[in-house]
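From first to last, the protein sequence lines are chains F and Y. Read left to right, the first sequence gives residues 1 to 901 (the working numbering). Read left to right, the second sequence gives residues 902 to 1012 (the working numbering). Don't be surprised by glycine CBs; every beta carbon is placed ideally from N, CA and C. Please read the structure below before turning to the comments.
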Amino acid sequence: MNRKNRIHLDNHSERSVVQPPRWAEQLLIRITAPYIRDEVLGDLYELFQKRVHRYGVRTAQLLYVLEMLFMLHPRLWRRKPEASFKPRYSKFNDFSTISIFHPAMIRNYLKLAFRNLAKHKGYSAINIAGLAVGMAVAMLIGIWIQDEVSANKHHKNYETLYEVRLNQTFDGKRGTQSALPFPTGEELRSKFPDFKAVATYQRSDGNRSLMVGDQKFIKNGIFIGEDAIDMFSLNILNGDKNPFKEPYSIVLTDETAQAIFGNQDPIGKIIRLEDKADLKVTAVVAKQPKNATLQFEYLLPWHLMENMYDWVKKAKIDWRNNDFGLYVQLKDGVDPAQTNAKIKDVVLNHQADDANIRNLVKPELFLHPMSKWRLYSEFTEGQNTGGFIKYVRLFGIFGLFILVIACINFMNLSTARSEKRAKEVGVRKAVGSGREQLIGQFLSESTLIAGLALVLALVIVMASLPYFNRLTEKAMSIEFGNPVYWGVILLFTAFTGLLAGSYPAFYLSSFNPVRILKGGIHVGKNATLPRKILVVVQFTFSVVLMIGTIIIYQQIQHGKNRPLGFTKQGLISVNSSTDLLEHFDALKGELLATGAVMSICKTNAPPTQWWSSNSGWKWKGAGPADESVIFTTIATSYDYAKTMGIRLKEGRDFSRDFATDSTGVILNEAAVKRMGLKHPVGEIIKWANRNWTVVGVIPNIVLEWSPYRDVAPMTVIFAENWVNFIDLRLNPALSPSVAIQKIRPIFDKYNPAYPFDYKFADTEYAKKFSYEELIGNLSALVCMLAIFISCLGLFGLASFMAEQRVKEIGVRKVLGASVVSVWGLLSKDFVSLVLIACIVASPLAWYVMQEWLESYTYKISIQADVFVIVFVLALLITLLTVSYQALKAALVNPVKSLRSD
Amino acid sequence: MKGTQLGEFEEIILLTVALLYDDAYGVAVLEELSSRLERPISLGMVHRTLQRLEEKKLLHSRFSEPIAERGGRSKRLFTITLAGDHALQQARRIRNELWDGIPKTAFDHLT
């Protein structure tokens, strides 16, 4: 070291002397072993100086480089610790000067590591498999999170795009909606310079019939403002870059174009929309990625919507009809907070003459940035309170758990095994191996295992990704081309390897060789205590996951089994059309005549949803504030309750037998309660300048979007001209497929422009659980894998412990211990650890799941039996895992195990 | 044992070290050899051989003080060990015996 310092000093004082090429010198410094570096460099330097005198600088430099090249020989950089240096000379060879990162050393480590792996195949397999599964799960979750987080980022204007939302207070509750009055868009565009682009869009269901010749398709698309093409940087593959010049145009995605026109060029082709208008295909755009918020199969220009529908024309100047969505793009550099402040009162100002709206409803516009569309879509009391992000976080934690469990396994097994290698450590130390070398050895061994696990994990991830995609309904892939991704994976692997290797590396290498070799090791409690703690931690995670999974499952079942108040089986709904409505009576007659349909009605929403809500109802005893109470509104025709299979609480269904039913209304129990009506039937209530007579009361039927929410007050009004769906109750005596076959020709007859498109209410209802199902499935998967990995570790540990105590067991057996008692002896330790884990896990799991359940109104309460079941399960699994090894050890003939002594 | 055999180049190097006595180090050996042999020799070759000889315990080395002319680096000065001396003596003996054993007429037949 001293010498090195002096080199620098001397170099400074000799600036004037010609120096040999620096790079060659550096290279030499790098490749030569420290103990010969000085002489080599010194010799070369000396030669160089002599040659400068003799042949001139250039030749000397050339010769220097040549000499350097001749130096590139293994003998000059190889630090052979064992083979060539025989132990008796070892005092002359100071190993501590050899860098443990030297290639030769690392090669040696790896060789030893491989030999060790091959020697203990069982341990190695358990170790690698456990870690690989853990890493694979963590990677899958990582990919999933990446997919969620990167949603919408493909839009070029990601930073400046916003959706305009509206906060309003009804009945004391501040709610947030994306439905706005039609004129908002134009107002923002014309009066505020902040906006670069504004696009109103249609929020309701976009399933429409598209006809080409006699081919009929039902496809989902949206009417959207012309600015949207640029705002969302839609990738126009073919056709007009400005496709919405004419209102009678349609933009297809490549997928839709393929489905309708096959391989023909779709540009310029004519598509008939809803049998009302002929549209020209003006452009084909790339389909949006699956994680994008804006999804469509085709786009229609906003002006077409105004042309086609009378109600839209009316809405154009109506500030009270909240029915339209609005996307905006801010100009670069505009602060959204300032824009928020400016546009806040736009809606209010246009209704300021209404005292109720001014004082109670208080509509307030604000911007919801695109970066929050997917993961932060929930609002409570007008404030953004997150949303799907909670699941992303939850699974991030799950992934971390799994990884920690896998790492713990890895550490436990490595340390357990490395104790067996204490003798090896002792011998190596005795022959002069330094501590650094041992640390290097253990670390490179664990890193090698981690590396092998990484390879296996990648294989697992690739193999399971299609299944995982199906499970999560995504189209994720591993971005092999992304260096960041690789960087993270490699860093993570190195981290795992180093973490797992750290204990044996630093602990075992600290042993005194004399002690090890003299009396073996007495690692004792010091070493097993951390291992026990780790096992407890591991099982705590597993138990928490198990409890969590069961509670999630119970909650989903709870929702599925919730009494709906109507019969979803055998109920189908059909999107109605003008043709169907015009011939409704004839259609109804023919359908009933087939015997396949028991009852039929018209509604304004599919039977498992509500699409409309209204305020402004007045009833006896209602104050002015009550006008802001929102009632869910179902518009329907005769036989609503009969078709839905609702058992009325009071009164009756709408019926032709009562002429007055054309102004009839049916309330649900929540509405009756809210209105405070003692005897609701016969009561007259007012809405939209009309008197409505309450004819019946139905229970709180669950039509909410989330089946876990409370049912809102509802009015079912008789309004035959305000319907888009036809609901049918099929004859339960016939199988659904037979019934459908019977009614299909009748629909085809009366509805020539549309394919017969029907939906079963029970399947539609089941779709409401997709989020929870996803979470349930994912957590079940994670949970099973966590248990699997933990058990793998336990299995390895048990076999290690059984092996360690082989002699003790032999002696016990010779002295008359039974197989059962030996089995108990070995299992006891693990059982007690798992029991401790259960006790630690319970409050943790209870707290976490209580938090999770908080977001549901209709929820289960956590039952004690869940914990009991999980404890029993955990113990059973533990016993099963450990028993194999314990019994194996107990059944060994003591003659065998004791013979060697 | 393989270690006791002396290669030709090893022998020459060993002899050179002995010749240079107290100033035998890489460059000195190289220059001495270059002036006597008629083949190009690289410093690397010299170093490798010196090192090998030391591993065989035929040479012993020590470091000199750092020297300015060498860019502040020290020389590794080699001296021959007892074993080295033995090996040289043995090589010489074998050669001498061989020389002595050659019948005089053996060279006469050459043309």
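- Look at the beta carbons and you see the region 441-459 of chain F touching the region 124-138 of chain F: at least three pairs across the two are nearer than 8 angstroms.
- For F:G664, the enclosing beta strand (DSSP E) stretches over residues G664 to N668.
- Your pair F:I717 and F:A841 does not check out as a contact, with CB atoms roughly 53 angstroms apart and the cut at 8 angstroms.
- Taking a contact to require three or more Cβ pairs closer than 8 angstroms, the region 131-147 of chain F and the region 398-409 of chain F qualify as touching.
- Below 8 angstroms, too few C-beta pairs join the region 908-919 of chain Y and the region 817-832 of chain F to call them touching: fewer than three.
- Rounded to whole angstroms, F:M714 and F:L667 show a C-alpha spacing of 6 angstroms.
- Within the region 939-956 of chain Y, the residues whose Cβ lies closer than 8 angstroms to some Cβ of chain F are S943, L944, G945, M946, H948, R949, Q952, R953 and E956, listed in chain order.
- Fewer than three pairs of CB atoms, one per stretch, sit closer than 8 angstroms, so the region 624-631 of chain F makes no contact with the region 642-660 of chain F.
- Judged by pairs of C-beta atoms under 8 angstroms, the region 477-485 of chain F does not touch the region 441-452 of chain F, as fewer than three such pairs exist.
- Contact of F:Q49 with chain Y is assigned, a C-beta pair being separated by under 8 angstroms.
- When beta bridges are read from the DSSP output, F:A283 appears opposite F:G239 and F:V251.
- Taking 3 residues as the shortest admissible run, the region 595-652 of chain F contains the following complete beta strand (DSSP E) segments, listed from N- to C-terminal end: 597-603 and 631-636.
- Straight-line measurement puts the Cα of Y:S943 at about 10 angstroms from the Cα of F:L69.
- Taken atom to atom, the span from the alpha-carbon of F:E306 to that of F:N322 is near 16 angstroms.
- Within the region 317-354 of chain F, the complete alpha helix (DSSP H) segments at least 4 residues long are 336-343 and 346-349, listed from N- to C-terminus.
- Per the coordinates, the alpha-carbon of F:K153 lies some 39 angstroms from the alpha-carbon of F:V629.
- Look at the region 962-996 of chain Y: the residues with a C-beta under 8 angstroms from a C-beta of chain F are F964, P967, I968, A969, E970, R971, G972, G973, R974, S975, K976 and R977.
- Here F:G382 carries a coil assignment [DSSP, helix/strand/coil].
- The three-state secondary structure of F:R656, taken from DSSP, is coil.
- In this structure, F:G399 and F:T447 do not form a Cβ contact; the two beta carbons are roughly 22 angstroms apart against a cut-off of 8 angstroms.
- Within the region 927-938 of chain Y, the residues whose Cβ lies closer than 7 angstroms to any Cβ of chain F are, in chain order, G927 and V928.
- Judged by pairs of C-beta atoms under 8 angstroms, the region 799-809 of chain F does not touch the region 504-519 of chain F, as fewer than three such pairs exist.
- The beta carbon of F:E39 sits closer than 8 angstroms to some beta carbon of chain Y.
- When DSSP states are grouped into helix, strand and coil, Y:D986 belongs to the helix group.
- Annotation: the continuous alpha helix (DSSP H) that includes F:A132 extends over K121 to V149.
- F:L44 belongs to the set of residues whose beta carbon lies under 8 angstroms from a beta carbon in chain Y.
- Residue state for Y:H948 is assigned as helix, using DSSP reduced to three classes.
- Distance between F:L876 and F:I787, taken at the CA atoms: about 12 angstroms.
- Among the CB atoms of chain Y, none fall inside 8 angstroms of the CB of F:E445.
- Its chain contains T282 and A283 as the residues whose beta carbon lies nearer than 6 angstroms to that of F:D240, once the 5 sequence neighbours on both sides are disregarded; these appear in chain order.
- Rounded to whole angstroms, the separation of the alpha carbons of F:V212 and F:V870 is 59 angstroms.
- A direct Cα-Cα distance of roughly 17 angstroms separates Y:E955 from Y:L931.
- By the 16-neighbour rule on beta-carbons within 10 angstroms, Y:N997 is exposed.
- Counted as a single uninterrupted DSSP element, the alpha helix (DSSP H) harbouring F:M71 occupies residues V57 to M71.
- Excluding five sequence positions before and after F:G451, the CB atoms of its chain that fall closer than 8 angstroms to its own CB belong to T493 and G497, given in chain order.
- The C-alpha of F:R320 lies about 10 angstroms from the C-alpha of F:L348.
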